[in-house]
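Single-structure report; data block below.
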Amino acid sequence: MTGRDIHNTFIGVNLIPDNEEERLQKLKEYEILDTPQEGAFNHIAAMATHMFKVPIALISLVDADRVWFKANVGLEGVRSVPRGESLCSLAVLNSAPTIFQDAANEPCLLANPLVSGNFGLRFYAGAPLVTADGLNIGTMCLIDKQPREFTESDQKMLVNLASIVMDEIELRYLRRKVSKDSPE
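Numbering of the sequence shown is given in full-length UniProt numbering, commencing with residue 1 and proceeding in unit increments.
So this is what it looks like as structure tokens:
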């Protein structure tokens with residue numbers, strides 16, 4: 001494996017979906033990567049920590065080589081992680097939520113530095129952020145250092161939060177587009 005291949009696989013799972021070029025192009029169209037924190041996204045992440053009683057909630061966007069956080073409650077100061085280490089990289093491969101109730105018991109995660117290292121990730125739940133044309137560009141995710149149950153009802157609430165996040169991304173995009181297109 002080359003260095004690039006290592007970043008594109010996660011414990012033997014290919015992290016690059018078949019529609020990667022289209023997915024990345026759509027993500028770039030939104031012009032949201034590397035932008036400042038914004039209230040609506042921060043509020044949704046904060047609300048998620050309270051709703052699910054978890055210490056960490058993130059709104060993540062999966063870029064080519066990194067996972068960048070548009071909102072981050074509980075990991076303040078961390079703006080991104082390498083794509084090959086982030087469980088969000090796995091979550092964007094699926095249309096349904098990705099749930100690890102106890103990551104320490106998942107053979108595919110045992111070598112992950114966030115699980116086996118000092119961070120001690122044990123619980124992860126991520127619902128994909130799905131564009132109108134069906135592209136998964138990121139996740140609304142929850143993290144805990146304790147294992148926990150995550151019911152079907154919890155999954156539905158997380159999917160609804162991810163839909164709200166995607167609505168905010170679309171509204172943000174439309175506002176920016178209208179302001180660029182309007183004469184001054």
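Each residue gets a CB set at the ideal place from its N, CA and C atoms; glycine is no exception. Predicted model, so just to flag it, every value in this text is computed and none were measured.
Its chain contains Y30 as the residues whose beta carbon lies nearer than 6 Å to that of Y173, once the 5 sequence neighbours on both sides are disregarded; these appear in chain order. Pairwise C-beta distances place the segment 54-63 in contact with the segment 126-146, as three or more of them are shorter than 8 Å.
Scanning L33, D102 and A162 for the CA closest to the CA of S116 turns up D102. N118 has no beta-bridge partner at all, per DSSP. For L109, the closest alpha carbon among the candidates G126, A127, E85 and A125 is that of E85. In its chain, beyond the 5 residues on either side, V115 and R122 have a beta carbon closer than 7 Å to the beta carbon of A104. Assigned with DSSP and collapsed to three states, K26 falls in helix. V92: not part of any beta strand (DSSP E); DSSP gives it neither H nor E. Taken through DSSP and simplified to helix, strand or coil, R66 comes out as strand. Scanning G126, K156, P82 and F52 for the CA closest to the CA of R66 turns up P82. Runs of alpha helix (DSSP H) with 4 or more residues, each lying fully within the UniProt domain "GAF" (36-179), are found at 39-52, 88-91 and 113-116, listed in chain order. Closest by C-alpha distance to P36, out of V54, K26 and R79, is R79. Taking C-beta separations shorter than 6 Å and ignoring five residues to either side along the sequence, the partners of Q155 in its chain run P97, following chain order.
Between the beta-carbon of V73 and that of P128 there is about 19 Å, and that puts the pair past the 8 Å contact cut.
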